[in-house]
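To keep things clear, I will list the structure first and then write my remarks on it.
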Amino acid sequence: MELLSANRHQSFTVSLLLLVLAAGCGGTKEVRPPVPRPVRMCHAGAFHRLGSTTRAFAAVVRSHAGVSRRPGGRAFAAFGRFNANRVPTVFSIRGARMDGHCRPSSYLVQIPTRPNGVTGWVPARQVDVESVRARIVVDLSERRVTLYRSGARILTSKAAIGSAATPTPTGSFYVNQRLIPTDPNGPFGPGAVGISAFSNVLTGWTQGGPIAIHGTDEPWSIGRRSSFAGERRPGARRGEPRGLRRGRGRVGGDEAGSRRCDEGRVRDGPFRDLRPSAAELGLRVRP
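According to this note's numbering, the residues represented by the sequence shown are 5 to 291, in order.
Here it is in structure tokens:
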């Protein structure tokens, strides 16, 4: 009797368990385990080209930067946080080398040094990156400067370019500083923007003969070959982009600007305020 009672109790317990399981399965949806998100992986060392005609990227030096001919190599050029004019040092980014987690480990950059257009690699940890939507095209044959933003033409203007003895260098460069003169009616007009290029002729000038886009107080020079190393832009009206305004001006290096510089640093000359440009500009100078 005791054995029979035990068997009945076991049978009742099993039947009750089956009923509970059946009730639990009948009234709920099937629960699937969460699908893990795919982990994005990159091939370490892969190269990604950066920049287009509508968007570019600028690398701003944090404290110091060493530029090498290959990623992780020995530096052949060194830059501090500020350039000779006490303006933040800027490079133009051309591409990036990625690590295994799809993060840039180093950038291929164009640097402001001779010869024009030199590129090298800078560690990603040494720079901050900013996106740029503005671009300048200088057409030497047309004596014309055109500003684009996000691919759209903002304005265009005639300009004076370098003379036959001191021609404007051609190629792809970038704007790396903005200079505001004390006298808006002086030889530089209301302002100037420095360019990463240098004159191929005026190698003995202060700072190596850098090129700039600037205004002028010589309106008759516009549309001619009359500048020392580049182009002059017309004098400007307020509210238009600094260094690219309608009126009279030029693009290029200028003897007066070189005379007013003392060992690479502007002191009591025409520039009372030296600021970085609001956005680094891609620059294309074509014959």
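Glycine residues also receive a C-beta, built at the ideal position from the N, C-alpha and C atoms.
Collapsing the DSSP output to three states places A196 in a strand. For the stretch 128-165, the continuous beta strand (DSSP E) assignments of 3+ residues that do not extend past its boundaries occur at 131-136, 138-143, 148-153 and 156-162, in sequence order. For Y152 and V179, the gap between their C-alpha atoms comes out near 14 Å. Taking a contact as a CB-CB distance under 8 Å, the pair H68 and G99 does not count as one, their CB atoms being some 22 Å apart. For G55, no beta strand (DSSP E) run applies, since DSSP gives it neither H nor E. Counting along the chain, A62 sits inside the beta strand (DSSP E) bounded by residues A60 to V65. By a beta-carbon distance limit of 8 Å, G55 contacts I97. Their separation comes to about 7 Å. Within the same chain, Cβ atoms closer than 6 Å to the Cβ of V122 are found at I115, the five residues on either side in sequence being excluded.
A62 is positioned such that its CB atom lies closer than 8 Å to that of V136. Judged by DSSP secondary structure, V179 falls within the beta strand (DSSP E) whose first and last residues are G175 to P185. I217 sits close to I199, with the two beta carbons spaced by under 8 Å. In this structure, A60 is the residue among N87, R73 and A60 with its C-alpha nearest to the C-alpha of S176. Of the residues assessed, P194 falls on the buried side of the cut-off, its CB having 16 or more other CB atoms within 10 angstroms. Residue environment for S110: buried (at least 16 other C-beta atoms within 10 angstroms of its C-beta). Straight-line spacing of the CA atoms in V205 and T170 works out to 6 Å. Using a 10 angstroms sphere on the CB of R66, the tally of other CB atoms stays under 16, which defines it as exposed. Residue environment analysis places R118 among the exposed positions, since fewer than 16 neighbouring C-beta atoms fall within 10 angstroms of its C-beta. When C-alpha distances from A128 are compared across T160, S161, G76 and V141, the shortest belongs to G76. Within 10 angstroms of the beta-carbon of P38 lie fewer than 16 other beta-carbons, which makes it exposed. In the DSSP assignment, V71 forms a beta bridge with A81.
Selection C46, F80 and V91 evaluated against R182 yields V91 as nearest (Cα-Cα).
Rounded to the nearest whole angstrom, the CA to CA distance from R147 to R157 is 17 Å. For the 8 Å CB-CB criterion, A164 and G124 do not form a contact.
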